[in-house]
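Worksheet for the structure shown next.
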Amino acid sequence: MTPARCMQPRRAQSATGDRMPLNIEPNIASPDEFYEALLAAHRDLTPDESQRLNARLVLLLANHVGDLAVLRDALDRARGSVRNRMA
Amino acid sequence: MAVDYQQLVLPYVPPARCGDVPGTRRPVIVVGAGPVGLTLAIDIARYGTTVLLLDDDDRLSSGSRAICFAKRTLEIWDRLGCGEGIADKGVSWKVGKVHVGERLVYSFDLLPEAGHRRPAFVNLQQYYVEGLLYDHARMQPNLEMRFKHKVVAVDASDAGARVTVETPDGRYDLLCDYVVACDGSRSPVRDMLGLASRGQTFRDRFLIADIRMEADLPIERRFWFDPPFHPHGSALMHRQPDNVWRIDFQLGWDADPAAEREPERVKQRLRRMLGEDTQFDLIWCSVYTFSCVRMEHFRHGRVIFAGDAAHGVSPFGARGANSGVQDADNLAWKLHYVVRGEAPDGLLDTYASEREQAADENIAHSSRSADFLTPKSEISRVFRDAVLCLAEAHPFARRLVNSGRLSTATTLVDSPLATPDRDSFAGAMVPGAAAADAPVTVDGKRDWFLRHVGGRFVALRFADRATPRTARVRDDPAPPRGQAFDTLPRIDPLLVAAPSSDSARDKGALIDIDGMLAARYDAQPGTTYLLRPDQHVCARWRHYDAGALHAAAARAICNG
């Protein structure tokens, strides 16, 4: 069952209709360990501090990715999953 | 003795003594004698078209106002013959430093390479710029200036334009083909036509102060986020000539402009910044807000808008006066060709399209800077602060710090006047780009490339074996005729030769003494560029082709 606050993202499309280049296939070697580490990073933080952590994390990872088309695809998907409803 | 441009009263001549012959129709009237109007009027006059410049006042800029004049602006004034005086009087700089708190986190060099006549920027009070432009304008035989002649009505139709002027001695009317409004951000001409500039206003206030002090500080643009002397705000410091320093404090939207302008309060802020013991005189201050706005169309028939009248940006990129001077640079030659009947009226539409696009670019840069300086939402503040926090230890984040992206020449991408490349080229000199400078020698003397182009169409030809000893475009077979405008612009040839080549002995050839010209233009022997009168690239080829050159020139005056 899909949690109410997580809408399925709309398929991100480029202007030419091609699939954008964000890798959405499994790519994290140890997903459970990553998830644990993500939560651990936020442990004992206030919501305000967590927001600041997330902002820094986004910037650090965005720089690692580098490619603006990939970043735009990720931004579109993230926003879409917050705002768009499935038909 | 140096002229005190702050006190200079410009001459007022009553209308009865202006010598107007009733019924005379002038080609061009320019409204507003600020940096943009003066530049435009001088430029038009130097092409050989008579121009009348009207201003409602008889004083130059009050206060220093615009102070950062960019390399491209200086190059435009060089073309008009007055760049040297302005550059000499100004304080040159190219390095910007950004501090967060007490730490230097980022520094940028706006002109890291050698081989340019002009620096990235000079700082100079606007009244000096206007004064030096005014002195130059007075020497132009085709240019008449009238001060305290205020335009109060503009009645334009397809047939022509009537401008009503009010003076201390009454009103009178003038007829003309074109009116150019360079009358500033609150443009009265814009209001008279019922037009508006639209965009966004940023909810923030800034205090701007000029002080005189003896200080041995580096000549740089210095910017602080959240400095100890001004917590939670930003500050900016620039050096001007005459031991004058410009300091800018971000105050926030809730600041009371009248209270913040109180000299004692301003001095208190300055003492916190400069130290209690530093001696200084406060000579000018102001509180401002800013908007990023533009008119939807810069041309309305016979009335054309330029500079702040047409578009407005925040001051942090120095993109106001600098983009306005580029407007003038773009418009002057087009007006000249059109009023002389050498190009169709549609050429003026390309002023609008090219400079509207430039305005969009300037507004985009300016809005991004403003969003960084004045975050509009809680989350944008969180990201801004995250960038500043990461910047100290993470080089990537320094590139995200935006304290203003400073004005450079606009490349007129997608210009209808440019001929798309047919051949393969690398580098920045794409069709639409403003020509880059480089050192050359002419007849054995050191010189600069840009001194030899502009003011006319130039075919720049990098010599190869096939280049005749005197490469003359005009000797080439006549171009096809029969268009509505049966004239093609005159194209002057300009030969560039490598130092050791046979062509280097040709009189008048530019010798590419350091190879920088060929490098910057990605040129090989035979490479040919067509440059517009405003020094922008029209077209380029790997081999000289007279037919292609003429076709590109025809296209560049909307006659192709």
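Residue numbers (the numbering used here), protein chains in the order written: chain A, 36 to 122; chain B, -11 to 548.
Quick reminder that beta carbons are idealized off the backbone N, C-alpha and C, glycines included.
>> Tell me which residues share the same chain as B/E264 and place their Cβ nearer than 7 angstroms to its Cβ, disregarding the 5 neighbours each side in the sequence.
In response: Your numbering for residue 264 of chain B matches position 276 in the second sequence. Same-chain partners within the cutoff: there are none.
**Message:** Suppose you measure from the CA of B/A144 to the CA of B/G289; what does that come to, to the nearest Å?
**Reply:** Numbered from 1 along the second sequence, position 156 holds the residue referred to as residue 144 of chain B. Numbered from 1 along the second sequence, position 301 holds the residue referred to as residue 289 of chain B. Those two C-alpha atoms are separated by around 8 angstroms.
Output the boundary residues of the beta strand (DSSP E) element that contains B/V142. Position 154 of the second sequence, counted from the start, is the residue given in the question as residue 142 of chain B. That run of the beta strand (DSSP E) goes 138 to 145.
- Taking the C-alpha atoms as reference points, what is the distance between B/R520 and B/G442? Counted from its first residue, the second sequence places residue 520 of chain B at position 532. Counted from its first residue, the second sequence places residue 442 of chain B at position 454. Spanning the two alpha carbons is a distance of roughly 7 angstroms.
Would you tell me roughly how many angstroms separate the C-alpha atoms of B/F268 and B/A247, rounded to the nearest one? Residue numbering aside, residue 268 of chain B sits at position 280 when the second sequence is read from its first letter. Residue numbering aside, residue 247 of chain B sits at position 259 when the second sequence is read from its first letter. About 21 angstroms.
When Cβ atoms are compared, which residues of the stretch 359 to 370 of chain B fall closer than 7 angstroms to chain A? So the list reads V370, given in the order they occur along the chain.
**Report entry** Cβ neighbours of B/G470 in the same chain (closer than 7 angstroms, five flanking residues each side left out)
**Finding:** Along the second sequence, read from residue 1 onward, the residue named residue 470 of chain B stands at position 482. Only weak support exists for where B/G470 lies, its pLDDT of 46 falling under 50; the coordinates are left without a value.
Contact defined as beta carbons within less than 8 angstroms: I believe B/V16 pairs with B/T37. What is the distance between those atoms, to the nearest angstrom?
Numbered from 1 along the second sequence, position 28 holds the residue referred to as residue 16 of chain B. Numbered from 1 along the second sequence, position 49 holds the residue referred to as residue 37 of chain B. With 8 angstroms as the limit, B/V16 and B/T37 qualify as a contact, their Cβ atoms being about 6 angstroms apart.
Can you pull the chain B neighbours of A/R91, defined as C-beta to C-beta under 8 angstroms? Sequence index remark: in the first sequence, residue 91 of chain A carries index 56 (1-based). The contacting residues are A374, C377, L378.
Spell out whether any CB of chain A is found under 8 angstroms from the CB atom of B/F384. As a first step, residue 384 of chain B is located in the second sequence; it is residue number 396 there, counting from the start. So, interface residue.
| Quick one, which of B/P477, B/R287, B/T189 has its alpha-carbon nearest B/C546's? | Numbered from its first residue, the second sequence carries residue 546 of chain B at position 558. Minimum Cα distance to B/C546 is reached at B/P477.
*Tell me the start and end of each unbroken beta strand (DSSP E) in the stretch 40 to 96 of chain B that is at least 3 residues and wholly inside, in chain order.*
Fully enclosed beta strand (DSSP E) runs of 3 or longer: 56 to 58, 79 to 81, 83 to 88.
According to DSSP, what are the bridge partners of B/D435? Taking the second sequence and counting its residues from 1, the one referred to as residue 435 of chain B is at position 447. According to DSSP, B/D435 bridges with B/V428.
Among B/I199, B/V401, B/G514, B/G305, nearest to B/W272 - alpha-carbon criterion: Counted from its first residue, the second sequence places residue 272 of chain B at position 284. The shortest C-alpha separation from B/W272 is found at B/I199.
Subject >> B/V370 vs B/V93 beta-carbon contact at 8 angstroms >> reply: Numbered from 1 along the second sequence, position 382 holds the residue referred to as residue 370 of chain B. Numbered from 1 along the second sequence, position 105 holds the residue referred to as residue 93 of chain B. Result no, Cβ atoms of B/V370 and B/V93 do not sit closer than 8 angstroms.
So, with DSSP's three-state summary, where would you put B/S185? Along the second sequence, read from residue 1 onward, the residue named residue 185 of chain B stands at position 197. Strand.
The stretch 47 to 62 of chain B in contact with the stretch 382 to 398 of chain B per 3-pair CB rule at 8 angstroms
Contact between the stretch 47 to 62 of chain B and the stretch 382 to 398 of chain B is present, with at least three C-beta pairs closer than 8 angstroms.
Item checked: CB of B/T407 within 8 angstroms of CB of B/S279, strictly -> Reading the second sequence from its first residue, position 419 is the one you call residue 407 of chain B. Reading the second sequence from its first residue, position 291 is the one you call residue 279 of chain B. No, the pair does not count as a contact, with Cβ atoms beyond the cut-off.
With distances taken between CB atoms, is the gap from B/L26 to B/A125 smaller than 8 angstroms?
Position 38 of the second sequence, counted from the first residue, corresponds to residue 26 of chain B. Position 137 of the second sequence, counted from the first residue, corresponds to residue 125 of chain B. A contact, by the Cβ cut-off of 8 angstroms.
- Taking three-plus beta-carbon pairs below 8 angstroms as touching, is the stretch -1 to 15 of chain B in contact with the stretch 80 to 94 of chain A? No: fewer than three Cβ pairs fall under 8 angstroms.
Looking only at its chain, what residues have a beta carbon closer than 6 angstroms to the beta carbon of B/D171, apart from the 5 residues adjacent to it on each side?
In the second sequence, the residue the question calls residue 171 of chain B occupies position 183. Non-local C-beta neighbours of B/D171 in its own chain, meaning closer than 6 angstroms and more than five positions away in sequence, comprise V19, G20, V177, A297, ordered along the chain.
Notebook entry, point to check: Taking Cβ positions, are B/A451 and B/V484 nearer each other than 8 angstroms?
Noted result: Position 463 of the second sequence, counted from the first residue, corresponds to residue 451 of chain B. Position 496 of the second sequence, counted from the first residue, corresponds to residue 484 of chain B. Yes, these two residues count as a Cβ contact at 8 angstroms.
Item checked: Entirely enclosed alpha helix (DSSP H) segments - the stretch 147 to 212 of chain B, minimum 4 residues -> Here the runs fully enclosed are 176 to 180.
- Nearest-angstrom Cα distance between B/G543 and B/A379? Here the question's residue 543 of chain B lines up with position 555 in the second sequence. Here the question's residue 379 of chain B lines up with position 391 in the second sequence. Inspection of the sequence shows that residue 543 of chain B is occupied by Arg rather than by Gly. Taken atom to atom, the span from the alpha-carbon of B/R543 to that of B/A379 is near 48 angstroms.
Practice problem: Work out the CA separation of B/P251 and B/R227 for me, nearest whole Å. | Solution: Start at 1 with the first residue of the second sequence, and residue 227 of chain B comes out as number 239. Start at 1 with the first residue of the second sequence, and residue 251 of chain B comes out as number 263. B/R227 and B/P251 have their C-alpha atoms spaced approximately 21 angstroms apart.
Could you tell me whether any Cβ in chain B is nearer than 8 angstroms to the Cβ of A/R107? For the purposes of this step, residue 107 of chain A is identified with residue 72 of the first sequence, where counting begins at 1. At least 8 angstroms separates the CB of A/R107 from every CB of chain B.
**Asked** Under a Cβ-count criterion, where at least 16 other Cβ atoms within 10 Å of its own Cβ denotes burial, should B/M127 be classed as buried or exposed?
**Response** For the purposes of this step, residue 127 of chain B is taken as the residue at position 139 of the second sequence. The residue is exposed, with fewer than 16 neighbouring Cβ atoms inside 10 Å.
Rank A/V117, A/L92, A/T81 by C-alpha distance to the C-alpha of A/A72 and give the top, closest one. Here residue 72 of chain A refers to the residue found at position 37 when the first sequence is read from its first residue. Of A/V117, A/L92, A/T81, the residue nearest in Cα terms is A/L92.
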